[in-house]
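Mapping of the sequence shown onto our numbering: residues 1340 to 1556, in sequence order.
Even glycine gets a Cβ: it sits at the ideal position worked out from N, Cα and C.
Every value quoted in this text rests on a predicted model; they were computed, and no experiment measured them.
Below is one structure; the comments refer to it alone.
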Amino acid sequence: MAELVFFSGTMDCGKSTLALQMHHNHAARGRDGVLFTRHDRAGSAVISSRLGLQQRADEVDDTTDFWAEVVTRRTRGRAVDYLVADEAQFYTAEQVEQLARVVDELAVDAYAFGITTDFRARLFPGSARLVELADRVEVLQVRALCWCGARATHNARTVDGVMVVEGDQVVVGDVAAGVDEVAYEVLCRRHHVRRMTARVARATVPTGQTLFEDDEG
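Right under this line is the structure:
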């Protein structure tokens, strides 16, 4: 039976690395797959990992129809056994429903990878629909860490190291950026609520102490 599986986690927990590894493993066994992505930090039509891995992929936009993508390829003679859908949080709810239809009616496995919530700790529409429709939701076991050493559970948007809580839901950035650029940082819930990024924490640490010593508990 084909499945729709949602692999979820915070930024920096290896989602794109796993997406590329899964594609490699399936392709090595002779299965035919198609890679999709949207708003990858490395640019258009590419899946990139922070470990340095990259693979060309089809760029998704609001007009992409996954049902039509599979049917067209099969009409042209391709098997299309599976889809790898990276940055799935940026897909529309309708596109997630198309992925479910492809699984159910065309027996194509669909492996979606993405973060669940945005910088405000609100669900992305695509992620919400995946949680509702997926046969399985797998939380990635690679732990991204907050600056305090605790497990990171939230994604924070920063400008020059200062956390912001207003703005468009989708703004492309990375976990490292220059001054005055939009960047992202993973935090534990406690420090996300306090809006305490690593930069803010460093500014409050007394001379001679470390971030861990200054952090209560």
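query	result
According to DSSP, simplified to helix, strand and coil, what is Gln-1394?	strand
Express the C-alpha separation of Val-1442 and Arg-1413 in angstroms, rounding to a whole number.	14 Å
Grouping DSSP H, G and I as helix and E and B as strand, with all else coil, what is Glu-1552?	Note on Glu-1552: pLDDT 45, under 50, position unreliable in the model; no value is reported.
For His-1362 and Val-1423, what's the separation of their Cα atoms in angstroms?	7 Å
Count the C-beta pairs between the segment 1346 to 1358 and the segment 1398 to 1408 that are closer than 8 Å, then say yes if the count reaches three, no if not.	no
Under three-state DSSP, which class holds Met-1361?	helix
Is the segment 1426 to 1439 touching the segment 1461 to 1481, taking contact as three or more C-beta pairs under 8 Å?	yes
Indicate whether Val-1344 and Phe-1375 have their beta-carbon atoms separated by less than 7 Å.	no
Can you list, in chain order, the residues of its chain with a C-beta nearer than 6 Å to that of Thr-1543? Leave out the 5 residues immediately preceding and following it.	none
Given Thr-1456, which residues of its chain have a CB within under 8 Å of its CB, disregarding the five upstream and five downstream residues?	Leu-1462, Phe-1463, Ser-1466, His-1493 and Asn-1494
Using the C-alpha atoms, what's the distance from Asp-1507 back to Val-1447?	34 Å
Excluding the 5 residues flanking Glu-1552 on each side, which residues of the same chain have their C-beta closer than 6 Å to its C-beta?	Here the model assigns Glu-1552 a pLDDT of 45, short of 50, so the residue's position is not dependable, and the following value carries that caveat. Within the same chain, Glu-1552 has no close Cβ partners at all.
Going by other Cβ atoms of all chains shown within 10 Å of its Cβ, with 16 needed for buried, is Thr-1356 buried or exposed?	buried
Leaving out five residues on either side along the sequence, give the residues of the same chain with a beta carbon under 7 Å from the beta carbon of His-1378.	Glu-1426, Phe-1429, Val-1509 and Val-1511
Can you say whether Ser-1387 is buried or exposed, counting buried as having 16 or more other CB atoms within 10 angstroms of its CB?	buried
With burial defined as no fewer than 16 other Cβ atoms inside 10 Å of the residue's Cβ, what is the status of Thr-1536: buried or exposed?	buried
For Ala-1451, does the three-state DSSP call read helix, strand or coil?	strand
Taking the runs of the beta strand (DSSP E) that are 3 residues or longer, which of them lie wholly in the segment 1420 to 1485?	1421 to 1424, 1448 to 1453 and 1475 to 1478
Would you report the Cα separation of Val-1373 and Val-1476, rounded to the nearest angstrom?	21 Å
In the DSSP output, which residue or residues are listed as bridge partners for Ser-1347?	Gly-1453 and Val-1478
If contacts are defined as beta-carbon pairs under 8 Å, then Ala-1381 and Gln-1393 qualify, I think. What distance do you get, rounded to the angstrom?	7 Å
When the distance is taken between beta carbons, is Ala-1483 closer than 7 Å to Ala-1491?	yes
Along the chain, where does the alpha helix (DSSP H) containing Val-1532 start, and where does it finish?	1528 to 1533
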